[in-house]
Amino acid sequence: MEHDAKTTVLIASVGRYEGQEVAVCGWVMHKRSSGRVRFLVIRDGTGVIQATLVKGETPDNVFDEYAKLSQESSVAIFGQVRKEPRATGGYELLASGIKIFQVAAPFPITPKEHGVGFLMDRRHLWLRSSRQWAILRIRHAVIRAARRFFDDRGFSLLDAPILTPSSCEGTTTLFETDYFGEHRAYLSQSGQLYMEAGAMALGRVYCCGPTFRAEKSKTRRHLAEFWMIEPEVAFADLDTVMDLAEALVCAVVSEVLEQRGPELDVLERDRRKLEAIRPPFPRISYDDALRRVRQAGEEISWGQDLGGGHETIISGQFDKPVLIHRYPIGAKAFYMKSDPQRPEVALCVDMLAPEGYGEIIGGGQREDDVRRLKEKIQEAGLPLKDFQWYVELRQYGSVPHAGFGLGIERTVAWICGIDHVRETIAFPRLLDRLYP
RNA sequence: UCCCCAGUAGCUCAGUUGGCAGAGCAGAUGGCUGUUAACCAUCGGGUCCGCGGUUCGAGUCCGUGCUGGGGAGCCA
237 MEHDAKTTVL IASVGRYEGQ EVAVCGWVMH KRSSGRVRFL VIRDGTGVIQ
287 ATLVKGETPD NVFDEYAKLS QESSVAIFGQ VRKEPRATGG YELLASGIKI
337 FQVAAPFPIT PKEHGVGFLM DRRHLWLRSS RQWAILRIRH AVIRAARRFF
387 DDRGFSLLDA PILTPSSCEG TTTLFETDYF GEHRAYLSQS GQLYMEAGAM
437 ALGRVYCCGP TFRAEKSKTR RHLAEFWMIE PEVAFADLDT VMDLAEALVC
487 AVVSEVLEQR GPELDVLERD RRKLEAIRPP FPRISYDDAL RRVRQAGEEI
537 SWGQDLGGGH ETIISGQFDK PVLIHRYPIG AKAFYMKSDP QRPEVALCVD
587 MLAPEGYGEI IGGGQREDDV RRLKEKIQEA GLPLKDFQWY VELRQYGSVP
637 HAGFGLGIER TVAWICGIDH VRETIAFPRL LDRLYP
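Read in order, the letters of the first sequence correspond to residues 237 to 672 in this note's numbering.
What follows is the structure, given as structure tokens:
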């Protein structure tokens, strides 16, 4: 923007302009005064800086502008960048001019405490607070790191459809919608089946998009609309995707550590917990997991899926994510391939995040035999007709292939060390919450 | 869907055995020579979630509805 020929700078890079006259455009977070000295704390989305107004040094008309400014008022501050150890961030702006874009109406979210319900009703404004800023910046870094990881390994991005003619897995409840009055359509609960088609065309593909579950889940780990990144690889087996999942998570965590230090500080995240995330991750079988759960005093019979409490017991035994492989075939979706050595278990894997954050990855090797796949669809009670196209993938050059899905929100919640996934997405969709 | 908890000032909450509606913060005004959620003083601020009941009297007890929060199942 043109401001008296001064350079408009981002707060994040203000240190490069020490001693220079610059302009900073942003919003007033709060203000303080001590008679002769007045402070405006300004945020611009990249960082926070205090602008200082001193009686006698700052022009009187500028000094007086302070009184008009309310929280969230939009301003451009002109002034000299000074190194100042007393200021948070190490630099301050000695104001010589202020342009007010708007004096904000009284802002409902003050720097004091508020309840979650109050804040969620004002999610569109809550995003401006420093914790939410930090979380969303880390979310961006997670998605960017994951996409770069796949891009650098020869994967092609292939976008899966959101509107689908039927269930992908046949297990969970779907959001239903009308499709031109002719058909019912459902919001996708996974892009995986389409990624399998893509892998047969492009070899290595991934998608990154929203998925939907209409289940009335009301826990800190569930959203009705959440994002997944789902790679699928042709000519791959279970071990291939376990290696891939491990490398992905390490790449994501290390990029967040490198590039989102200030954000982790805002969240007061213990970085040592993240710095420990290096390969290899422990890999245990479902049978081993059962033994661990039973040793902890829980009753569970072979064949049962692991519940949230069981997952917490196991992940609590490691300081890294843990891979659990070869679940009973009955506890998993129909498209999982049976282990040829042990047909009662599937060639599948879940990754549990440390610190009780639960499952962040689920995947495995897919059934590639036409006959077996048809049987499994029927055993699952699903209409074969709906999956005809999926079955055909096994008729024309079927190959061993495997993939997984990484839940973005759970991953972000874990990396941020926050206790609920609802803060890891800008506008969460929850049971009983569709606004704003 | 089930279980538990809560709803009082703009916000976060206290409110004793059923007996005058309270605090901190926010807001307004004034003060203060470097503040870090600054501080100090003064002032304004109420459909005690709705409906019904018990009672001389209900924020408080009972019933019911609504809203929010936490947990379970299921899942990523």
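In this text, a Cβ means the ideal position worked out from N, Cα and C, and glycines have one as well.
C-alpha of residue 314 to C-alpha of residue 336: approximately 11 Å in a straight line. Here DSSP, grouped into helix, strand and coil, assigns residue 307 to coil. Per DSSP, residue 455 is not a residue of any alpha helix (DSSP H), being assigned neither H nor E.
Per DSSP, residue 632 lies in no alpha helix (DSSP H) and is assigned neither H nor E.
Check the Cα spacing between residue 349 and each of 536, 340, 341, 365: the tightest is with 365. With a minimum length of 4 residues, the unbroken runs of alpha helix (DSSP H) contained wholly in the stretch 334 to 375 fall at 352 to 357, 359 to 362. Taking C-beta atoms under 8 Å as the contact rule, residue 660 and residue 380 fail to qualify, at a distance of about 15 Å. Per DSSP, reduced to three states, the secondary structure at residue 254 is strand. In the displayed model, residue 654 falls within coil according to three-state DSSP, outside both helix and strand. In the three-state reduction of the DSSP assignment, residue 661 falls in the coil class, being assigned neither a helical nor a strand state.
Taking C-beta separations shorter than 6 Å and ignoring five residues to either side along the sequence, the partners of residue 636 in its chain run 473, 604, following chain order. Judged by DSSP in its simplified three-state form, residue 498 adopts helix. Put simply, the backbone Cα of residue 441 is about 12 Å away from that of residue 388. Cβ-Cβ separation between residue 451 and residue 400: approximately 17 Å, too far for a contact (criterion under 8 Å). When secondary structure is reduced to three states using DSSP, residue 604 falls in the coil class, being assigned neither helix nor strand.
Annotation for residue 469: no alpha helix (DSSP H) segment contains it, though the beta strand (DSSP E) segment containing it runs 461 to 470. In this structure, DSSP gives residue 317 an extended state, which the three-state scheme calls strand. Proximity of the stretch 510 to 524 to the stretch 484 to 491 meets the contact definition, three or more beta-carbon pairs being nearer than 8 Å.
For residue 499 and residue 509, the gap between their C-alpha atoms comes out near 16 Å. In this structure, residue 317 places its C-beta atom within 8 Å of the C-beta atom of residue 258.
When DSSP states are grouped into helix, strand and coil, residue 327 belongs to the strand group. One thing to note: residue 564 has its Cβ within 8 Å of the Cβ of residue 581.
Nearest C-alpha to residue 481 among 300, 542, 597: 597. The continuous alpha helix (DSSP H) containing residue 523 extends over residues 522 to 531. Inclusion of residue 551 and residue 592 in the CB contact set at 8 Å is warranted, their separation being smaller than that value.
Residue burial annotation: residue 504 is exposed, with fewer than 16 other C-beta atoms found within 10 angstroms of its C-beta. With 16 or more other Cβ atoms inside 10 Å of its own Cβ, residue 612 counts as buried. Scanning its chain for C-beta atoms nearer than 8 Å, with the 5 sequence neighbours on each side dropped, one finds around residue 255 the residues 316, 317, 318, in chain order. Looking only at 432, 587, 345, the smallest Cα-Cα distance to residue 632 is reached by 432. If you keep only unbroken alpha helix (DSSP H) runs of at least 4 residues inside the stretch 539 to 605, you get 544 to 551.
Under the DSSP definition of a beta bridge, residue 275 partners with 268, 288. Taking 8 Å as the cut-off, the Cβ atoms of residue 460 and residue 448 count as close.
Going by DSSP, residue 299 is part of the alpha helix (DSSP H) stretching over 296 to 301.
Between residue 638 and residue 330, the alpha-carbon positions lie close to 58 Å from each other. A distance below 8 Å between beta-carbons, with the five flanking residues on each side excluded, links residue 385 to the following residues of its chain, in chain order: 483, 484, 487, 488. For residue 389, no alpha helix (DSSP H) segment is defined, and its DSSP state is neither H nor E.
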